[in-house]
Amino acid sequence: MLLPDHEFLKPASLAEGLALLAAGPGARVLAGGTDVVFNMRGRLFTPPAVVSVRSLPELQGLHERPDGSLDIGAGCRLTDLLADPLLARHPALRTALRAVASRHVRNLATLGGNLCLDTRCWFTNQSEDWRAARGPCLKTGIDACHALHGSPVCVALNNADTPPALIALGATVTLASVRGERQVALRDFYRDDGIDHTVRQPDELLTRVIVPPTTDRVVFLKETARQGMDFAYGTIAARADGHGARAGRITLVLGSLTTAPVVLDAITTRLVADGLGDDAIDAACAGLRAALGPLTNLYSPAAYKRELARTLLRRALLALREM
Amino acid sequence: MTDGRAPPPGPGLGVIGRRQPRLDGFDKVSGRSVFADDIELPGMLHGRILRSPHARARIVRLDTTKARALPGVKAVVTNGDAPDLVFSERQPLLAKGFVHYVGEEVAAVAATDPFIADEALRLIEVEYEPLPAVTSLRRALQPDAPLVHEWAAGNVAVTHDRDFGDPDAAFAESDLVITDEFRSPVQHNTLAEFHVAIADFSNPDKLHVWTPTQSAPMYQMALAKAFGLESSQVRIVYGNVGGAFTGRGRAKPHHFVAALLSRVAARPVKIKATADEEFIMFRGSGETLYRFRTGVTRDGRIRALELDVTFDAGAHAEWAMILWLPALYPNWLYRFEGLRYRGRFVYTNTVPKGSNHGGIMGRMSAGWMQHLTRVAEELGLDPAEFHRRNAIEAGDHARDGSDFGSCGLKECIDRVVERSGWQVKYGRLPPYRGIGIGIGAQASGGKNASNDTSAAMVKIADDGRVTLFTGIPDLGQGSWTVMAMIAAEVLGIEPADVNVVGGDSDIVPFDWGAFSQRGTFMTGNAVKVAAEDARAQLASVAAAALGVQAEDLVFAGGRVHIRGEAPDAPGRSLSFREAVAKAFHGGEGRYVMGRGFFNSPRQSGSMAFSFGAQVAEVEVDPESGAVRVLKVTVAHDLGRALNPLAVEGQLDGQVFSGLSQVLYEECRMDAGQVLNPSRLEYKLPRTWELPEVDYTLVETIDPYGPFGAKEVGEGPIVVTMSAVAAAVANALGEPLPQMPMTPWRLLRVIRHHRRRRARGAPGAAPR
Amino acid sequence: MDAKRETPPAGRSRVLRLVVNGDLHEVLVTPRHTLLDVIRGELGLKGTKEGCTTGSCGVCTVHNDRGEAILSCLTPALEWDGESITTIEGLESGGRLAPIQQAFVEHHAVQCGYCTPGVIMSAQAILNATPEPAEADINDGLAGVICRCTGHIKVKEAVRNAWRYAGGAGPAPGGSHD
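Residue numbers (the working numbering), protein chains in the order written: chain V, 1 to 323; chain U, 324 to 1090; chain E, 1091 to 1268.
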């Protein structure tokens, strides 16, 4: 599984990088490389050019803005963020960062890369030879889905650990291109399509991540086969204001279960009304099936994912109540 | 036995029993050790194999023209280049008209660099006509299933039926008969060093192959037969072997393909597996279905046993030789009146299967020990007591003909019961906590062919340094270090003074290799004989010099002295080096070379067996289905711990691998393809999941083993798998019919409990 | 396999300036080369092993200039132009093993040895970050590697005891274990 041929481009500035992305159709952004190199080895994509953004100065640095929010460079390595004292104010985010793969991967991988992590499917994220045996799919060329027969859209999983936590924290991301800059709330960043799984356009680069200040309670939980070096079977990030069972505002985000992180709105509304009592938590868990919609058997059985989601939700709500 | 740590060296022993760090440690920790993939030969080409994308198909067209035309391509081979070359059974080396599984070798290329080889592979055009395929064991057994091979009715490749005693009568006389079923998955060996072979067949009279192996002779014989050579014309070089775990017992297609490419190109050719090819080349365990039936008396005596085992062989029954093992296994553990074994290998259109760490016994025991635990509990007996009551003892003569010169099985059970706190925990743990006990036995080698021979040579340079030539591969288990210790013990010198030369079939004397747990026992004995031969030669020289009989001399502490006298008595003793010098520089000019071989005097079967018992404690999270192994208590009768440090390493690895297989490892198969062909998705636990491990080494000093030693290389993992499975069953209150025991499988059982409880029905509630 | 040379397409080859174990190398590489390909293929430093090539097994672990463990199989060689890395060959000094290497020998944290260079580089990286690592540091720092031989048990023991082998000759062979 050798790397396919491509042009390796390493711009010195953001402007130069954006120009390269605008110029070459199909150029691929390379940050830490831990996802892109992996997928290129399997020839999941064979871009004519790769634009390395890891060292762009505009993507570096973590600082506090006057309003107390954190402004994080998308090129910051996960390791650097974990070591930064400014992150101490967001313990749930730290938990999510630490949950990513292994230290080896976090020493290369960037926050922007984790937010843009490609979706995963075990019929697609394989070597070229392997895929040849199965035949193409929606993601690799034709109108067929091996994971969910008859599905009109790609149902590959969004398996990244940091998006649920950052969505719960109300993060926004900056997308830059030669056309200008725009801010997108992270909860609107993801799409229910395993192929075009974010709203980022091919010529855009995710440059900064803004995390607003909060005094809310926030938790992040990840369930996986093994604690280190593993993608999640399911994750949850949960946030609430107030204390104990009382909360005026709750945010619940499930990850790694579907094509995009799932923000649980209807359930949250009821919980705000009812509080975090045992019965309300039971009701919230019971309402999860409708909120999640159909699940696939990718990587773990759908029935298990459904039950795991309930367990994650119950545990997160109980944890919030204790905070 | 000890408190779990090193036993002291045995009485009168200077080296054996010492915690000896491995002698190749410096090379291995510094990056100096050379593995096959590190070798670059002059003119070496890089080979790649084109594989079938179909589980079953007819090859309509195969065109290699474009690949041959690519600059840098030096060889392209298809079946037409070696139409009569049969790899195994009736399997052609490269597909002949038809393919029978996803990944089957269709063509191969060799080129001057890996990128060109990769490119050339893409230029080979193959047109297939897909045919109906049988890609699961259950499907293969259905009456209307398509046939994988037309010669195999019902898709049955091989059967092995065997009875011991009178099982029908024994079942009829039983007070209670219980039946259970179990299923184990496709499992991978996950060797650290991927499959790799460099072949140089430039000279048609000599084939050189650099590759990791467990058995150079097996590789030599297979390659020689395929290419019309004598075994000695095939040289296997296997210096450092990056793990084996049953995965390197037999030569695989890539060895033959590399040789064929090299023959055509007249240059050395390297083939190395890519990440996903690892899951085609592997020959790990196939899916296996088991039915266990046991008849017992009211007082808890086993009268009758029945084992019915159906293996998925894949498209070719390359490993049919493992079929007879389960028939023998119960004979090494229990006393009984009758045993019935029914085994069959079944063809499917999937990659051919073999075995993995722990072998068939490990997988089977994960189910069988749950079953026997249930038998005990139905009788109202503590399973530990049940195992103990039926356990064989030293001096027993088993129904399969096995004799047990040493047996610490009951002592192992007693030790783990005591050290695990079994009496206070079994039946008294909180819900979803479980404790389980397993027992096991393992043969130390076994004579299945005309012999089970290991040979060794020792030469002693005039400076007193010893070189030991051995064919045993060091797969990581530390055989070379232990062999140096054995030679050093015999000669009364330090292991560091013994230079072990191994890993080249042109140099070393014959040794079947490191499989069937034969290394320490068979090779160890051979090395001991060779060292004793060298010692006898030295003794005759020293005896003449000291004016005593050779029998009166003692070799110890680097000196040769007279028994009963001080080792350094002036004029009455020699240093080892002085003795050697007297031999070489004395008038005789004797150069000391010792030789030895060892073979079992038995007609068949094994001379010695290791025994073990383990207790595992687990905790199941009833909401997520996750299992955590808290503690594994191990007691293993290994005869004698020659190197306790290496023994602990063996136990660690087997406990880890055993719990990994029971709880995590599974090739998720779909339409003949492995869905998780990677180190990421084929799950093994890592650092966070390690349990506490407590060891007791039970030393029974086997009468036939070298210094009393028996195997410890694969016996313990079988027991770990038994104990962990039994512990999970205990936590859930019922046997698990399938491994690995993944969160979703456990949740299904737990959900079932809840529904039954909700209905107020009695049933398996966790204790 | 080690990707040693690249023929077509020419023109994409570039000179990579890389300091490895203190030595500056200038080698011609293409975008297809990973850092691992350069270390093993171009520089012939075979101590670093090639395993899964997809970041999951850790046998290709080397250090960046901060002494952190990185996976050389997952990063294009050209990303490292002008940078400095350390491989297993750079851990010892003057033929003298680093304490962590000596600890691996003494504690039998080595069996088949294939993963060992990667595991030792991972272990050294833990000690670089936390000279007195807690259990969680060790678990986290070694979770990126797989070792079926040792089951990681004696590897962890070696990391915990590495300090014993610092400064001067280590204890006698087999002398120390916890």
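Don't be surprised by glycine CBs; every beta carbon is placed ideally from N, CA and C.
Mind pulling the chain E residues with CB within less than 7 Å of residue i?
i         : result
U/Lys-351 : Val-1200, Gly-1203, Thr-1206
U/Ala-598 : Cys-1142, Thr-1143, Thr-1144
V/Ser-102 : Ala-1233, Gly-1234
V/Phe-330 : This structure does not reach residue 330 of chain V, given that chain V is present from 1 up to 323, and the question cannot be answered.
List the whole-angstrom C-beta distance separating residue i from residue j, where the pair is believed to meet the contact cut-off of C-beta under 8 Å.
i          : j          : result
U/Ile-783  : U/Val-789  : 5 Å
V/Met-229  : E/Ala-1233 : 5 Å
V/Glu-174  : V/Thr-224  : First, the residue type needs correcting, since residue 174 of chain V is Thr and not Glu in the sequence shown. Going by Cβ atoms, the distance from V/Thr-174 to V/Thr-224 rounds to 31 Å, so no, they are not a contact pair.
U/Thr-804  : U/Arg-345  : 5 Å
U/Val-307  : U/Leu-974  : Any answer about residue 307 of chain U is impossible in this case: the structure gives chain U only from 324 up to 1090.
E/Glu-1179 : E/Leu-1135 : 6 Å
V/Ala-81   : V/Leu-59   : The identity of residue 81 of chain V in the sequence shown is Leu, whereas the question assumes Ala. Rounded, the Cβ-Cβ distance is 13 Å, inconsistent with contact.
Determine the burial state of residue i: buried for a count of at least 16 other Cβ atoms within 10 Å of its Cβ, exposed for fewer.
i          : result
U/Ile-760  : buried
E/Glu-1031 : In the structure displayed, chain E extends from 1091 to 1268; residue 1031 of chain E sits before or after that span and is not available.
V/Leu-308  : buried
V/His-63   : exposed
V/Arg-200  : buried
U/Trp-474  : exposed
E/Asp-1092 : The predicted position of E/Asp-1092 is uncertain, since its pLDDT is 49 and thus under 50; a value taken from the coordinates is nonetheless stated next. Looking at its Cβ environment, which holds 16 or more other Cβ atoms inside 10 Å, E/Asp-1092 is buried.
E/Leu-1114 : exposed
U/Ser-767  : buried
U/Asn-402  : buried
E/Arg-1107 : exposed
U/Asn-774  : exposed
Tell me residue i's beta-bridge partners as DSSP assigns them.
i          : result
E/His-1115 : E/Leu-1108
V/Phe-8    : V/Val-50
U/Arg-959  : The sequence given here places His at residue 959 of chain U; Arg does not occur at that position. According to DSSP, U/His-959 bridges with U/Gly-935, U/Leu-1020.
V/Gly-255  : V/Thr-235
V/Gly-73   : V/Arg-208
E/Pro-1166 : E/Thr-1124
V/Ser-151  : None, per the DSSP bridge assignment.
U/Ala-522  : U/Val-532, U/Val-592
Starting from the beta carbon of residue i, find every residue of chain U whose beta carbon is closer than 9 Å, and list them in chain order.
i          : result
E/Arg-1122 : Phe-438
V/Ala-133  : Arg-374, Ser-375, Pro-376, His-377, Ala-378, Val-425, Gly-426, Ala-994, Gly-995, Gln-996
E/Gln-1214 : None at all; the shortest Cβ gap to chain U is about 11 Å.
E/Gly-1254 : Residue identity check: residue 1254 of chain E is Arg in the sequence provided, not Gly. Per Cβ cutoff of 9 Å: no residues; E/Arg-1254 is ~14 Å from chain U at best.
Interface residues of chain V around residue i at Cβ under 7 Å?
i          : result
U/Thr-1010 : Gly-228
E/Asp-1230 : Arg-103, Gly-228
In chain U, what lies closer than 8 Å to residue i by C-beta?
i          : result
E/Gly-1157 : Per Cβ cutoff of 8 Å: no residues; E/Gly-1157 is ~17 Å from chain U at best.
V/Gln-126  : Asp-599, Pro-1000
E/Ile-1178 : Ser-353, Gly-354
Can you pull the chain U residues whose beta carbon is under 7 Å from the beta carbon of residue i, in chain order?
i          : result
E/Cys-1147 : Arg-1002
E/Leu-1133 : The premise fails here: E/Leu-1133 is roughly 12 Å from chain U at the closest Cβ pair, so nothing lies under 7 Å.
Can you name the residues of chain E whose CB is closer than 8 Å to the CB of residue i?
i          : result
U/Leu-1013 : Gly-1241, His-1242, Ile-1243, Lys-1246
V/Met-1    : Thr-1143, Thr-1144
U/Asn-563  : Cys-1202, Gly-1203, Tyr-1204
V/Gly-33   : Leu-1164, Thr-1165, Pro-1166, Glu-1169
Regarding residue i and the ligand GTP, is the C-beta to nearest heavy atom distance less than 8 Å?
i          : result
E/Arg-1156 : What this structure holds is no ligand at all, so the ligand GTP is not there to describe.
Could you list which residues in chain A have their beta carbon closer than 7 Å to that of residue i, in chain order?
i       : result
V/Glu-7 : Annotation note: the requested chain A is absent from the structure, which comprises protein chains V, U and E.
Can you pull the chain V residues whose beta carbon is under 8 Å from the beta carbon of residue i, in chain order?
i          : result
E/Ile-1160 : His-104, Asn-107, Leu-108
Next item on the list: Using a Cβ-Cβ cut-off of less than 9 Å, list which residues of the segment 496 to 518 of chain U approach chain V; keep chain order.
Entry: Within the segment 496 to 518 of chain U, no residue has a Cβ lying closer than 9 Å to any Cβ of chain V.
Notebook entry, point to check: In chain order, what residues of the segment 773 to 804 of chain U put their CB closer than 9 Å to some CB of chain E?
Noted result: Within the segment 773 to 804 of chain U, the qualifying residues are Asp-797, Leu-798, Gly-799, Gln-800, Gly-801.
Next item on the list: Please name the residues in the segment 1036 to 1070 of chain U whose beta-carbon is closer than 7 Å to at least one beta-carbon of chain V, in chain order.
Entry: Cβ contacts with chain V: Pro-1066, Trp-1067, Leu-1070.
Check: Of all the residues that make up the segment 111 to 122 of chain V, which are near chain E by a beta-carbon distance shorter than 9 Å?
Finding: When CB distances to chain E are screened at a threshold of 9 Å, not a single residue of the segment 111 to 122 of chain V falls below it.
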